[in-house]
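According to this note's numbering, the sequence shown is numbered sequentially starting from 66.
Built from N, CA and C at the ideal position, the CB exists for glycine as well.
Just so it is clear, the structure is predicted and the values come from calculations on it, not from any experiment.
One structure below.
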Amino acid sequence: MFDMFGVRPRPDPGAAERVREWVREVLGLSPDTQVMVTELHCTEPDCPDVETVVAVLAPGDARKLKLLKPIGEVTREDVLALAAAGTDHPRPRPENDRWPLPPPTACP
């Protein structure tokens with residue numbers, strides 16, 4: 066169907082939930098850790114039109130990772146590769162963007 070306003074169809078919410086569960090499983094995250102998964106239009110040079118961004122929010126820590134494909138195309142193997150590589154790919158990451166997450170520390 067033609068959309069004269071250029072609005073992309075919303076990604077399947079089930080796909081976002083699958084990616085969230087894979088991230089939790091692969092990283093062994095605690096229940097206190099929030100995982101947000103969203104699909105964004107990318108405007109950076111050498112970037113695909115759509116990317117999947119995963120935010121991992123642990124108490125006292127926050128991380129952002131990018132998968133350079135739409136949510137519906139992300140596989141468990143993509144999440145495993147991202148965790149094994151220790152980086153979002155393929156661009157370099159800021160020094161404070163560590164992956165995987167260190168174990169959570171107790172709050173004082």
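In this structure, does DSSP put residue i in helix, strand or coil?
i      : result
ASP114 : coil
GLU86  : helix
ARG158 : Any reading at ARG158 needs caution, since the residue's pLDDT is 41, under 50, leaving its predicted position unreliable; the model's value is listed next. Here ARG158 sits in coil by DSSP.
LEU130 : strand
LEU145 : helix
LEU92  : helix
PRO78  : helix
PRO173 : Note that PRO173 has pLDDT 48, beneath the 50 cutoff, so the model's placement of it is unreliable and the number below is only indicative. Coil, per DSSP.
ALA120 : strand
ALA150 : helix
Kindly indicate which residue of the options has the alpha-carbon position closest to the one of residue i.
i      : options                       : result
LEU133 : ALA149, VAL144, ALA127        : VAL144
ILE136 : PRO96, LEU94, PRO113          : PRO113
HIS106 : SER95, LEU147, GLU142, LYS131 : LYS131
ASP97  : ASP77, ASP111, GLY125         : GLY125
Going by DSSP, what residue range makes up the alpha helix (DSSP H) through residue i?
i      : result
VAL139 : Where VAL139 is concerned, there is no enclosing alpha helix (DSSP H), given that its DSSP letter is neither H nor E.
Confirm, please, whether the CB-CB distance from residue j to residue i is below 8 Å.
i      : j      : result
ALA123 : LYS129 : no
LEU94  : ALA148 : no
THR185 : VAL139 : There is no way to answer for residue 185, as the model of the chain reaches only from 66 to 173.
Taking residue i as part of the beta strand (DSSP E), name the residues at either end of that continuous run.
i      : result
GLU174 : Because the chain spans 66 through 173 in this model, residue 174 falls outside it and cannot be assessed.
Examine chain B for any beta-carbon lying closer than 8 Å to the beta-carbon of residue i, and answer yes or no.
i      : result
LYS131 : Of the protein chains in the structure, only one exists, and it is not chain B.
Assess contact between the segment 79-88 and the segment 100-114, defined as three or more Cβ pairs (one per stretch) separated by less than 8 Å. Is contact present?
yes
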